[in-house]
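In the numbering used here, the protein residues as written are 5 to 133.
Heads up, the beta-carbon is just placed ideally off N, CA and C, and yes, glycines get one too.
Taking it in order: structure first as structure tokens, then the write-up.
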């Protein structure tokens, strides 16, 4: 609840409009910053492979290491980037650690990007002389 102290005036409709526009601009800026984090996380083939696997089911850390053929330390680095970007979550079950996508939209975003790239590849092949 907004209270007005003595001697203070209620914001005018114009002031409220300016405040609303600033809030929207701040929200947009936050979204752009988060988009940068996600795009950086997606800018690595191993991390994209991890996301593709997690789009099918939850995976244990050991399973991912074997499937990807990478070390525990390397997997940990990739997982940290993906978690920081907010695209995956981790859960512990006893001694085992499992990873899953944070939200189904991540899978759809990856599929959409791959669809665009497939179309580019098809179009490039048509123009080869």
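- prompt: residue 68: buried (16+ other C-beta within 10 angstroms of its C-beta) or exposed?
  reply: Buried, because 16 or more other Cβ atoms sit within 10 Å of the Cβ of residue 68.
task: Could you tell me whether the region 119 to 128 touches the region 73 to 86, using the rule of 3 or more Cβ pairs below 8 Å?
output: Touching, no.
- request: Check whether the Cβ atoms of residue 65 and residue 101 lie closer than 7 Å to each other.
  value: With respect to the 7 Å criterion, residue 65 and residue 101 are classified as neighbours on the basis of their beta carbons.
- request: Please confirm whether residue 77 and residue 92 have their CB atoms less than 7 Å apart.
  value: No, the pair does not count as a contact, with Cβ atoms beyond the cut-off.
message: Given this structure, state the Cα-to-Cα distance separating residue 27 from residue 38, to the nearest angstrom.
response: Looking at the two C-alpha atoms, the distance is approximately 17 Å.
- request: For the alpha helix (DSSP H) holding residue 51, just list the boundary residues, first then last.
  value: If you look at residue 51, you'll find it in the alpha helix (DSSP H) that goes 49 to 58.
task: Grab the span of the alpha helix (DSSP H) containing residue 85 for me, first residue to last.
output: Here the alpha helix (DSSP H) through residue 85 covers 76 to 88.
query: First and last residue of the beta strand (DSSP E) that includes residue 101?
result: Looking at the DSSP string, the run of the beta strand (DSSP E) that includes residue 101 is 100 to 105.
field: residue 73: first and last residue of the uninterrupted alpha helix (DSSP H) it sits in
entry: Taken as a continuous stretch (DSSP letters only), residue 73 belongs to no alpha helix (DSSP H), as it is neither H nor E.
query: In chain order, what residues of the same chain have a beta carbon less than 8 Å from the beta carbon of residue 96, not counting five sequence neighbours either side?
result: Answer for residue 96: 102, listed in chain order.
Buried or exposed (CB count within 10 angstroms, at least 16 for buried), residue 51: With 16 or more Cβ atoms within 10 Å of its Cβ, residue 51 is classed as buried.
query: For residue 94, does the three-state DSSP call read helix, strand or coil?
result: Per DSSP, reduced to three states, the secondary structure at residue 94 is strand.
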